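Here the structure is laid out as structure tokens; the discussion comes afterwards.
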Amino acid sequence: MSAKLERLSQALRDVFGDRIRSLVLDRGELTIEVAATEYLRIARKLRDHDDLRFDQLIDISGLDYSTYGNAAWEGRRFASVAHLTSVRHNWRLRVRVFAEDDDFPVVDSVVDVWPSANWFERESFDLYGIMYAGHPDLRRILTDYGFVGHPFRKDFPVSGYVEMRYDPEQGRVVYQPVTIEPRENTPRIVREENYGDVGHG
Numbered sequence: 001m002s003a004k005l006e007r008l009s010q011a012l013r014d015v016f017g018d019r020i021r022s023l024v025l026d027r028g029e030l031t032i033e034v035a036a037t038e039y040l041r042i043a044r045k046l047r048d049h050d051d052l053r054f055d056q057l058i059d060i061s062g063l064d065y066s067t068y069g070n071a072a073w074e075g076r077r078f079a080s081v082a083h084l085t086s087v088r089h090n091w092r093l094r095v096r097v098f099a100e101d102d103d104f105p106v107v108d109s110v111v112d113v114w115p116s117a118n119w120f121e122r123e124s125f126d127l128y129g130i131m132y133a134g135h136p137d138l139r140r141i142l143t144d145y146g147f148v149g150h151p152f153r154k155d156f157p158v159s160g161y162v163e164m165r166y167d168p169e170q171g172r173v174v175y176q177p178v179t180i181e182p183r184e185n186t187p188r189i190v191r192e193e194n195y196g197d198v199g200h201g
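Numbering of the sequence shown is given in the UniProt record's numbering, commencing with residue 1 and proceeding in unit increments.
See the structure below:
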């Protein structure tokens, strides 16, 4: 572990103690996991504490761990992950929080802490179905408002449920069941004539 990451790890332990569920260093990156009930308080302290000063939120993404590592996952299914930067200390940190309920995943919104979280949390809600309690405007951002389901969940069908098309007779967009014809994909090898011959340029 580099001296910089060692200082960050120690600062996190000093400030939060056992409120951090885990602290993992992997490939030169530090990740902490916190409980959903502590997430918002810890986020504020990460931003405001002089020894930390994580003043920039780089992004937030949702995660579905239902088949993590090509095996059955034993823990909670849905997580929200925030990537933070401290300009003052030149530190980066990943913060992961698991939603307590797999059927209706909810974690606190951090929009009041880092306003740039707004669209990231909307994206995570749209694609994974993670609800962000306290978000000022939680609605879909990438899929259509009438879209059913959350396409990045690992149990979402590859072809979806419905397709959308413009109907010229009705003069509007209509939804209909997916009509994808099954097809066989056979790879085709195309090579130039004399491919691999010595002296062929």
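For each residue, glycine too, the CB sits at the ideal point set by N, CA and C. Keep in mind that this is a model prediction, so the values were computed, not measured.
- Under the Cβ criterion (8 Å, minimum of three pairs), the segment 65-76 does not count as touching the segment 8-15.
- Sequence-distant Cβ neighbours of residue 143 in its own chain, meaning closer than 6 Å and more than five residues away, are 126.
- Less than 8 Å divides the Cβ of residue 36 from the Cβ of residue 100.
- According to DSSP, residue 120 shares a beta bridge with no other residue.
- In terms of Cα proximity to residue 83, the closest of 77, 193, 91 is 91.
- Shortest Cα-Cα distance from residue 151 to any of 132, 79, 72, 64 involves 64.
- Residue environment for residue 78: buried (at least 16 other C-beta atoms within 10 angstroms of its C-beta).
- About 5 Å separates the CB atoms of residue 62 and residue 130; that is less than 8 Å, so the two are in contact.
- In this chain, the alpha helix (DSSP H) harbouring residue 3 covers 3-16.
- Straight across, the Cα-Cα distance linking residue 148 with residue 161 is about 8 Å.
- Taking 4 residues as the shortest admissible run, the segment 113-179 contains the following complete alpha helix (DSSP H) segments, listed from N- to C-terminal end: 117-128.
- Annotated three-state conformation of residue 19 is helix, per DSSP.
- Excluding residues up to 5 positions away in sequence, 43, 117 lie with their Cβ nearer than 6 Å to the Cβ of residue 110 in the same chain.
- Residue 32 sits away from residue 124, with the two beta carbons spaced by 8 Å or more.
- When rounded, the separation of the alpha-carbon atoms in residue 113 and residue 178 is 41 Å.
- Look at residue 92 here: in three-state DSSP terms it is strand.
- Look at residue 69 here: in three-state DSSP terms it is helix.
- Secondary structure note for residue 30: its beta strand (DSSP E) is the uninterrupted segment 29-34.
- In this model, residue 133 and residue 38 are separated by some 13 Å (Cα to Cα).
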